[in-house]
Structures are given as structure tokens and as C-alpha cells.
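Engineer: Residue numbers (our numbering), protein chains in the order written: chain A, 14 to 476; chain B, 14 to 476.
Sharing a structure, written as C-alpha cells. Questions coming.
There are 2 protein chains.
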Amino acid sequence: MRLAHLIGPELRDLLRNEPEEIASLLDEVHPEDLADVVLDLDDDEAAALLKRLPADDAADIFERLPEGRQENLVEKIGFQLTARIAGEMAADDRADLFSALPEDVGDQLLETLEKVDPEAAEEVEELTRWPETSAGHLMNTQYVSVLPSVTAGEALDAVRRGAADDDIEMIYYVYVATAEEKLLGIVSLRQLLIANPSAPITEVMIENVISVTPETDQEAVAKMMAKYDMQALPVTDANGTFLGIITVDDTIDVMTEEQTEDVHRLGGVQPIDDPYFETTFWTLIKKRAGWLSVLFIGELFTGTALRHYDDVIKSVATLSYYVPLLISTGGNSGSQSSSLIIRGLAVGEVKTSDWWRVLYREAGQGVVLGLVLSMVGILRVMMWGDGPRFAALIGVTLIFIVAGGCTIGSMLPLIIKRLGFDPATSSTPFIASLIDVVGILIYFNVAKLILAQVLAQAAAVPH
Amino acid sequence: MRLAHLIGPELRDLLRNEPEEIASLLDEVHPEDLADVVLDLDDDEAAALLKRLPADDAADIFERLPEGRQENLVEKIGFQLTARIAGEMAADDRADLFSALPEDVGDQLLETLEKVDPEAAEEVEELTRWPETSAGHLMNTQYVSVLPSVTAGEALDAVRRGAADDDIEMIYYVYVATAEEKLLGIVSLRQLLIANPSAPITEVMIENVISVTPETDQEAVAKMMAKYDMQALPVTDANGTFLGIITVDDTIDVMTEEQTEDVHRLGGVQPIDDPYFETTFWTLIKKRAGWLSVLFIGELFTGTALRHYDDVIKSVATLSYYVPLLISTGGNSGSQSSSLIIRGLAVGEVKTSDWWRVLYREAGQGVVLGLVLSMVGILRVMMWGDGPRFAALIGVTLIFIVAGGCTIGSMLPLIIKRLGFDPATSSTPFIASLIDVVGILIYFNVAKLILAQVLAQAAAVPH
């Protein structure tokens with residue numbers, strides 16, 4: 014990483030003065046570090062750099078850039094060069110590029126690619142058939158496969174040939190498939206190395222293959238690979254036809270992407286694909302304004318609720334001083350519960366069918382936590398000198414509000430998941446808004462009970 | 014996963030009636046699925062099962078169980094059997110077990126392990142020297158290494174021998190090291206397969222090795238592996254002595270663990286290691302009560318702030334009806350900003366040195382978003398019939414509060430990171446509490462300005 018900072022200025026200098034030296038300078042630097050450097054350049058500088066590099070080196074950098082940058086660079090370097098670079102990209106990264114481009118740009122680029130590298134163009138069409146977050150879109154279509162009639166030794170030779178082929182990303186598994194591409198089994202390179210070379214491959218292979226369909230969501234794919242510690246996961250269609258493999262490095266990228274989405278959703282932002290500083294000001298506004306307005310409109314009901322207790326508040330103004338404290342405490346306990354349940358659902362520790370166990374547990378948590386806070390609360394009420402009735406009111410309300418917060422905060426993600434949406438969408442602020450309104454209703458109803466005498470006296474005195 | 018549900022009941026039945034059949038039933042099931050099944054058993058049933066299995070099969074299951082379960086099971090199956098199982102566990106999982114056990118239990122188990130498997134006991138002492146979330150604790154000490162004097166063909170033979178050795182988890186890299194364990198270079202098995210067998214290994218290897226020190230935090234390790242798409246990362250000490258390797262599957266576990274921590278922290282819960290249902294009720298209370306109390310005490314200041322404006326509120330009760338709406342809107346915009354910045358910091362897109370760019374941007378976002386909401390807000394004020402002065406008050410306050418929310422929400426994570434803590438600790442509810450108090454101050458000060466005339470009139474009329 015230090016490297017990236019070091020070569021940044023030097024690179025800019027070379028670009029300006031001796032552009033023909035670029036390729037040799039970059040030979041020794043990891044493509045990831047180069048991509049970091051390119052990210053710091055402006056679009057014109059980056060385009061100048063890509064033009065100077067051999068297409069395969071340019072592809073190594075280009076496929077690591079965020080989508081927004083890729084789109085800008087396509088404009089700058091033109092379809093012809095982009096197509097040549099795309100031809101050298103990994104199949105899955107290439108498919109991502111086409112999915113990210115505006116449709117007309119993508120179509121024109123595909124036309125150019127068909128002339129430059131027809132095989133790559135075909136792969137793009139194959140992969141982009143599937144939704145962008147599905148296994149089909151994520152897979153690589155180049156792998157080492159052998160017929161079931163070969164021996165272990167012959168399979169090892171196939172691996173050697175695969176190792177020499179730059180288009181094959183993963184050579185640590187050999188896939189045994191029929192001539193009709195029906196997947197029969199898998200052998201790891203490790204098993205091949207210790208197998209008797211003359212043994213039939215069908216005796217060495219594992220037949221009980223764990224695979225996914227191309228429609229499987231990428232999050233489910235990542236979970237399976239993480240669970241079974243696999244380096245690659247085969248993708249087969251409903252008929253058992255072998256379509257491609259998903260490699261572990263893609264899984265890691267998916268996990269990072271999904272986590273970013275979850276954190277954004279939890280914060281009440283529509284997920285943003287590009288890095289923070291690569292996202293334009295107005296895109297950011299668009300991703301935020303929607304939810305923020307929905308939450309705002311939800312919060313307007315707190316005003317409606319408070320107006321409903323107009324008489325009570327006018328009689329005892331002190332009541333209103335506790336409102337923010339009470340409702341935000343409900344919100345806080347709710348976000349604790351929801352973050353526990355949302356994460357539990359994400360990693361598969363909690364299932365929607367567990368709802369009653371969760372309900373029972375969270376309501377219990379709420380009562381205990383409510384009791385703890387109500388002791389602190391009562392102390393503070395006495396210190397403010399609002400008297401024992403208010404102390405009782407705040408104490409009781411806290412127990413109800415915290416228990417309510419925990420219940421709503423834990424149930425809402427389960428309900429949202431059950432309805433088929435991402436539970437992280439029941440973002441913390443959304444739950445908090447709901448609890449705010451409920452909290453006000455709880456508070457003033459408890460107040461009417463406990464302060465009945467005080468309120469009656471206040472009403473008797475004309476303003 | 015369907016499998017786990019299927020074999021659960023059958024397994025219970027066998028355990029009770031024909032325990033000697035257990036081992037054969039489980040032969041065909043993936044250890045991960047077995048661990049799922051064991052998780053559903055109670056401690057006694059799980060102990061009975063582990064006692065029935067050969068130690069290496071038991072180890073495959075045991076190392077996948079959450080820490081709390083492991084601790085219970087150690088008690089149930091005794092030190093002798095646990096030590097035998099631990100002897101068969103992967104070095105890093107074994108070290109985790111010892112770190113998770115209470116100190117006296119761990120010490121007794123280590124004594125037993127020294128008798129059963131002295132080499133494993135030594136490895137435990139080697140790995141547990143390092144902090145639990147460090148590279149040293151995560152590494153495997155068994156790998157394929159060769160001297161710099163060998164040829165590529167001899168190195169390939171070393172890989173073959175490694176492939177047959179169950180203690181070596183990763184055979185896809187060969188490490189070239191001196192007799193004194195100084196790491197000189199790395200060769201991937203792929204490169205070995207295509208290299209000329211008679212070529213000296215020093216000509217095939219990559220010398221520019223990316224490595225970490227044993228003290229490196231696991232989060233940084235995971236980020237490096239994700240960035241460079243590596244299957245294994247070597248760990249070397251300050252003198253370049255080769256200590257072990259970290260494999261990609263551990264990285265995936267680390268990522269999941271760190272993500273869980275982040276989501277919990279964002280929800281204002283102290284991170285919980287064990288799965289939700291494996292965590293006891295009172296552990297959960299302990300992890301929640303602390304933060305919830307801190308936030309509660311923080312929110313008490315909203316009461317103090319409101320009391321400060323006692324006169325104003327008593328003059329115009331309507332003012333208090335807007336308090337929850339305004340402060341929670343500030344909180345919502347703040348949590349949007351903080352979730353964007355916290356995630357940006359986590360993936361390295363945002364650095365603390367970018368603070369002024371973030372400040373500039375987020376303040377701008379706040380003003381624009383505030384304008385949007387203030388249009389909705391003004392409309393609602395007019396509909397409630399609170400008049401043009403109130404409309405102006407709410408409109409202006411919203412702009413200030415949302416801009417303030419975005420500013421605080423984005424700066425706080427940067428400040429916390431700068432102070433050396435996890436930015437996710439500036440959890441959403443924490444930021445919201447801070448903004449609540451600031452919001453009240455903004456609101457009533459704007460109110461005093463805009464409603465000066467109204468307030469003066471109200472003061473002139475005695476209650």
C-alpha cells in the first residue's frame with residue numbers, strides 16, 4: 014500500500030514526460046496497487062495510462078476499478094480499446110462491466126467485442142442472462158474438466174495444461190463431466206497428487222457434489238462457500254448440466270458488498286455500490302432523500318399523537334420534558350434487538366420459524382432492561398424534584414416502553430424477512446420511528462392513570 | 014442443510030438405542046452438517062455422541078461448535094477425551110479452544126494434552142502467546158516448505174508428500190525458506206506444475222512476498238487477503254523468520270465475525286461471540302445494559318435542555334409537539350452519514366485524513382436534505398393550522414438540524430477512529446442521543462428568534 018503512494022506522483026510525471034516508459038515501471042507492481050493509483054488519477058490521466066499499457070495489463074487494472082470509473086473511462090478510451098481490454102478480463106468481471114454500463118453503451122460495446130473477440134462476447138451474453146446478484150452472473154465458464162473415462166494420471170495432465178492457460182482462474186479442482194456436460198463428480202488437485210496415476214478418475218472423485226443453480230442469490234452462494242470451506246463451487250442447471258464455477262475470491266468480494274449493503278440499510282440509506290468519494294453528490298442525495306422523507310412522514314405522527322394529549326400536556330407541562338428521553342430509550346432498546354436479530358438472520362443462526370422463541374426472549378430482555386433503566390430514571394426524577402407520582406410514572410413507562418421496543422425491534426426483521434424482503438431494510442431509524450409513536454401512546458396512557466388526581470386538580474383551576 | 018434436519022431425529026434415536034451404529038451413519042455427512050445437528054442436541058446427547066466417535070471425526074465436529082458449547086462439552090466428556098480430540102483439531106481451532114476456556118480449565122486441559130500429544134501442546138503454547146484477534150493466533154504452523162537449493166521437481170515432490178499429510182491444511186503454495194526458517198520466496202502449485210522440473214526453485218519463486226507479522230490484527234489480515242485474492246498469507250516476525258500461514262477459509266470466518274461485531278456495535282450492543290440462541294439470557298443482558306444505560310444517561314440531558322426552555326414551552330405549548338419530530342429527524346440524517354462513513358472506513362475507501370472533504374460534503378448533503386424535508390414540514394405545519402411563523406420556525410430548524418445531524422454523524426466516526434477505537438462504536442443510537450440534545454438547543458434558539466413577538470405577548474398575559 015505504501016507502494017501506491019510512492020508511485021503515484023512518479024507515474025503522473027512519466028505520463029506527462031516519458032509515456033513510453035510506463036509499461037516497464039508497472040511490471041513489478043501488483044494490479045491491486047495499480048488500481049489504487051489509477052483511482053487517484055483523474056479520468057484523462059487514467060485514460061492516457063490505459064492507452065499506454067498492453068491490453069492484458071490494462072485489463073488487470075480496469076476490472077478492479079469501481080463501476081462509475083469504468084463507465085467514465087469507456088467514454089474516454091473508446092469502444093475499440095475497451096473491447097480489447099474487455100477481451101482480456103476475467104469472464105465474471107467482464108459480465109459485471111456490461112451490466113453496469115447504460116444499455117445503449119453496453120450494446121455498442123458488445124457489437125465491437127463481437128468483432129474483436131467473439132468468444133468473449135458470447136460469454137458476456139451467457140453470463141448477463143442471469144440477474145446481477147445471482148450465481149450465474151458470478152461464475153467463471155473456464156475450468157479444468159475431464160471425461161469419466163480418464164485415469165487419475167490423465168486428469169493430472171489436464172490440470173497441467175489448465176495451469177498453463179491464463180483464461181482458467183482456478184486449477185485446484187478437476188470436474189468430471191460427460192460429453193454432454195453433465196457433472197458427475199469433483200476431484201481436488203490434492204487428491205489427484207496422492208492418487209494412483211492408473212486409477213480410474215471415477216474411483217477417485219467425490220460424487221456427492223455440493224452445487225448451486227445459476228439463479229441462486231450471491232449471498233446464499235457466499236454462505237455455502239464459507240460454511241463448507243470450499244475454494245470453488247460448481248454451478249449446474251436444473252438438469253445437472255455443468256455451467257461454470259464460482260471461486261472463493263469472488264465470494265469474499267460478495268461478502269464485502271453484502272455487508273456494505275447491510276450497514277447502509279441499517280443506517281437508513283439505500284445501498285450505494287461505488288466507493289463513498291466515487292459517488293456523486295446528487296446520487297448520494299437520491300439514495301438518502303427517499304428513506305429520510307419516509308421516516309420524516311412517519312415521525313409526523315408523533316406530532317399527531319402529542320396533539321391528541323393536548324389537554325394533559327397543557328395541564329402538566331412537565332410531562333413533555335420526558336418525551337424525548339422515553340421515546341429514544343424505546344428506540345435504543347429496539348435497535349439493540351433488531352441488530353441482534355438482523356445479524357442472526359444474516360448468518361443463519363436465527364430463522365423466521367423461531368419467532369416465538371425470539372418473542373419470548375426479547376420481551377423478557379425488555380422487562381429486565383426496563384427495570385434497570387427505571388431505577389436510574391426514578392433517581393433522576395426525584396433529583397429534578399418532580400415528586401413520587403412522576404417517579405412512578407417514569408418507572409412504569411420505561412418498563413413498558415423498553416419491553417415494547419425490544420418486541421417491535423425483534424419482530425419487525427422477522428416479519429420483513431417472512432414477506433421476502435431483506436431484513437436489514439427494517440433499518441434502525443425505521444424501527445425507532447415506529448417505537449417513538451407507540452412510546453408516546455404508552456406514556457400518556459400511563460400518565461392518565463397515575464396522574465389522574467393531579468390532572469383533575471389542574472383541570473379544575475381555570476387558565 | 015436438508016440433510017441436517019433429516020438426520021437429527023434419526024441420530025437421537027440411534028444414540029438411545031444402538032449407539033454402536035453411530036460412527037457408520039455419520040461417515041457420509043459433511044462435518045459442517047454434523048456440527049449443525051450437534052448444535053440441536055442438548056449437552057448430554059452431544060457428549061454421548063462425541064464419546065462414540067473416533068477422535069478425528071469428533072475433532073471435525075468439535076472445532077466447528079461455538080465457544081460456549083465447547084466449554085460445556087469439556088466438562089461433560091472430561092479432560093482425557095477432550096485432549097485426544099484437541100490433538101486432532103487444526104492448530105488454529107485448537108488455539109481458539111484454549112483461549113475460550115476459563116484459565117484454570119485451560120491449564121488442566123493443557124497438562125493432559127502434554128501427555129497425550131506433546132507436539133500439539135507445544136503448538137497451543139506457540140499460538141496462544143499472541144492476542145486472540147491477531148495473525149499469530151490465526152495461523153497454521155504446518156505447511157509445505159523447501160530449502161532454496163532444491164529444484165522445481167523436488168519441490169513438487171514435497172507438495173505430494175504434503176498432500177498425504179493430514180496435518181497440512183494448505184498445499185497450494187510452497188514456501189522457500191533457509192534452514193534457519195528465513196522466508197525467501199513463494200511458489201504456487203500452479204507455477205510448479207508448469208515449471209521445468211530441473212529449474213532451480215529460486216528461479217521459479219516470487220521473492221516479493223506479501224506477509225504479515227503475528228501481531229497484525231485479524232481484520233487487517235482479512236483485508237489484505239481479500240485485496241490481493243490470496244489463498245494463504247505467510248506470517249513472519251520482525252526478523253523475517255517464517256512462523257506460519259493463514260488460509261483463506263479462516264479469513265472468511267474472520268470477515269463474518271468482524272461483520273457481526275460491526276452490526277452489533279451499530280445497534281448499540283457490545284459484540285456477542287456465540288450464536289444468538291447459544292448466548293444465555295443474562296450474558297445478553299450484560300452486553301446490552303451497559304450501552305443502554307450510557308445512552309439513557311445521555312438522553313437525560315434532553316430533559317435538562319427542555320427544562321431550560323420552561324418559560325417558552327409554558328407560553329406556547331405547541332412548541333413541544335414538534336420536539337420528537339425534529340430531534341429524530343436529526344438523528345436519522347446523522348445515522349445515514351455515520352453508516353456511510355463507518356463503512357467507508359471499514360473497507361478503506363475513506364481515511365481519517367479525508368475529514369475536511371467529508372465535512373464539506375456532508376454539511377452540503379445536510380443542507381440539501383434539510384431543504385427537502387423542510388418543504389414537507391412546512392406543508393404539514395400549515396395543515397395543522399399553526400400559522401406562518403411556526404412554518405418558518407420548523408422550516409429553518411429542519412435545515413439546521415439535518416445539517417448538524419449529517420456533520421456530527423460523519424465527524425464522530427472519524428474522531429473515534431483517530432483516537433484509536435473502532436468507529437462502529439460510535440453506534441447509531443449514540444450519535445442520535447448526541448443530536449437529540451443539540452437539536453433541542455437549535456430548535457428553541459431559533460424559536461426565540463422567530464417567535465419573539467408571540468412569546469412577548471404570551472408573557473404579557475398572566476396565567
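Beta carbons are placed, not taken as given, at the ideal position from N, Cα and C, and that holds for glycine.
Taking 8 Å as the threshold, find out whether the region 157-172 of chain A comes into contact with the region 135-148 of chain A through three or more Cβ pairs.
Structural biologist: no
Engineer: Could you confirm whether any beta carbon from chain B is found closer than 8 Å to the beta carbon of K240 (chain A)?
Structural biologist: yes
Engineer: Within 8 Å of any Cβ in chain B, is that where the Cβ of A108 (chain A) sits?
Structural biologist: no
Engineer: If we count the other Cβ atoms within 10 Å of its Cβ and call it buried at 16 or more, is I219 (chain B) buried or exposed?
Structural biologist: Looking at its Cβ environment, which holds fewer than 16 other Cβ atoms inside 10 Å, I219 (chain B) is exposed.
Engineer: Reducing DSSP to helix, strand and coil, say where N221 (chain B) ends up.
Structural biologist: coil
Engineer: Got a sec? Which residues, its chain only, sit under 8 Å from V409 (chain A) by beta carbon, not counting five neighbours each side?
Structural biologist: S387, V459, I463
Engineer: Can you give me the Cβ contacts of G253 (chain A) inside the same chain, cut-off strictly under 8 Å, excluding the 5 residues immediately before and after it?
Structural biologist: K195, L196
Engineer: Taking the DSSP output, what are the residues bridged to L196 (chain A)?
Structural biologist: A:A190
Engineer: Would you report the Cα separation of Y456 (chain A) and V276 (chain B), rounded to the nearest angstrom?
Structural biologist: 30 Å
Engineer: I'd like the ranges of any beta strand (DSSP E) spanning at least 3 consecutive residues and lying wholly in the region 121-153 of chain A.
Structural biologist: none
Engineer: Within 8 Å, do at least three Cβ pairs link the region 411-419 of chain B to the region 326-345 of chain B?
Structural biologist: Segment contact: the region 326-345 of chain B against the region 411-419 of chain B, three or more CB-CB distances shorter than 8 Å; contact assigned.
Engineer: Please give me, in chain order, every unbroken run of the alpha helix (DSSP H) with length at least 4 that falls completely inside the region 230-281 of chain B.
Structural biologist: Segments of the alpha helix (DSSP H) lying fully in the region 230-281 of chain B: 231-241, 261-279.
Engineer: What does the alpha-carbon distance come out to for the pair M237 (chain B) and Q204 (chain B)?
Structural biologist: 22 Å
Engineer: So which of B:E375, B:V329, B:L297 has the shortest CA-CA distance to A469 (chain B)?
Structural biologist: B:V329
Engineer: Rank B:R301, B:G361, B:F290 by C-alpha distance to the C-alpha of L358 (chain A) and give the top, closest one.
Structural biologist: If we check each option's Cα against that of L358 (chain A), B:F290 comes out closest.
Engineer: Give, in chain order, every residue of the region 79-103 of chain A whose Cβ lies closer than 8 Å to some Cβ of chain B.
Structural biologist: none
Engineer: When the cut-off is 8 Å and only beta carbons count, does N252 (chain B) lie next to chain A?
Structural biologist: no
Engineer: With contact counted as at least three CB pairs below 8 Å, one residue from each stretch, are the region 42-62 of chain B and the region 262-275 of chain B in contact?
Structural biologist: Contact between the region 42-62 of chain B and the region 262-275 of chain B is absent, with fewer than three C-beta pairs closer than 8 Å.
Engineer: Touching or not, the region 245-252 of chain B and the region 321-328 of chain A, by the rule of three or more beta carbon pairs under 8 Å?
Structural biologist: no
Engineer: Count Cβ pairs between the region 300-316 of chain A and the region 369-382 of chain B that sit closer than 8 Å; are there 3 or more?
Structural biologist: Judged by Cβ distances under 8 Å, the region 300-316 of chain A makes contact with the region 369-382 of chain B, as three or more pairs qualify.
Engineer: Tell me whether the region 430-437 of chain B and the region 396-404 of chain B touch, counting them as touching only if at least three CB pairs, one residue from each stretch, are closer than 8 Å.
Structural biologist: No contact exists between the region 430-437 of chain B and the region 396-404 of chain B.
Engineer: Indicate whether the contact test is met: 3 or more Cβ pairs, each with one atom in the region 181-188 of chain A and one in the region 155-163 of chain A, closer than 8 Å.
Structural biologist: yes
Engineer: Where does P442 (chain B) land, buried or exposed, given buried means 16+ other C-beta within 10 angstroms?
Structural biologist: It is buried - the Cβ of P442 (chain B) has at least 16 other Cβ atoms within 10 Å.
Engineer: Does the beta-carbon distance from P44 (chain B) to D69 (chain B) come in below 8 Å?
Structural biologist: No; because the gap between Cβ atoms is not below 8 Å, this pair is not in contact.
Engineer: Just to confirm, is the Cβ distance from N153 (chain B) to D105 (chain B) under 8 Å?
Structural biologist: yes
Engineer: Touching or not, the region 444-456 of chain A and the region 422-431 of chain A, by the rule of three or more beta carbon pairs under 8 Å?
Structural biologist: With three or more CB-CB distances shorter than 8 Å, the region 444-456 of chain A counts as touching the region 422-431 of chain A.
Engineer: Alpha carbons only, please: which of A:A192, A:A473, A:T215, A:T260 is nearest the one belonging to V234 (chain A)?
Structural biologist: The shortest Cα separation from V234 (chain A) among A:A192, A:A473, A:T215, A:T260 belongs to A:T260.
Engineer: Please report how far the alpha carbon of I407 (chain A) lies from the alpha carbon of V451 (chain B), in whole angstroms.
Structural biologist: 23 Å
Engineer: Name the chain B residues whose beta carbon is nearer than 9 Å to that of H277 (chain A)?
Structural biologist: Q349, S352, L353, R356
Engineer: Per the DSSP calculation, P477 (chain B) is bridged to which residue(s)?
Structural biologist: Residue coverage of chain B in this structure runs from 14 to 476, which leaves residue 477 (chain B) outside it and unanswerable.
Engineer: Does any heavy atom of the ligand SAM sit closer than 7 Å to the C-beta of S306 (chain A)?
Structural biologist: With respect to the ligand SAM, the structure shown offers nothing to examine, as it has no ligands at all.
Engineer: Here's a check: name, in chain order, each residue in its chain whose Cβ is nearer than 6 Å to the Cβ of V394 (chain B), leaving out the five neighbours to either side.
Structural biologist: F403, A404, I407
Engineer: Is the shortest distance between the beta-carbon of T146 (chain A) and the beta-carbons of chain B less than 8 Å?
Structural biologist: For T146 (chain A), the answer is no, since every Cβ of chain B falls outside 8 Å of its Cβ.
Engineer: Less than 7 Å between C-beta atoms, sequence neighbours within five positions excluded: which residues of the same chain meet that for S333 (chain A)?
Structural biologist: I326
Engineer: Just checking my contact of A165 (chain A) with T125 (chain A) at CB under 8 Å: how many whole Å lie between their CB atoms?
Structural biologist: Distance from A165 (chain A) to T125 (chain A) at the Cβ level is roughly 44 Å; contact not present, criterion being Cβ atoms closer than 8 Å.
Engineer: Answer with buried or exposed for T293 (chain B), where buried requires no fewer than 16 other C-beta atoms within 10 angstroms of its C-beta.
Structural biologist: exposed
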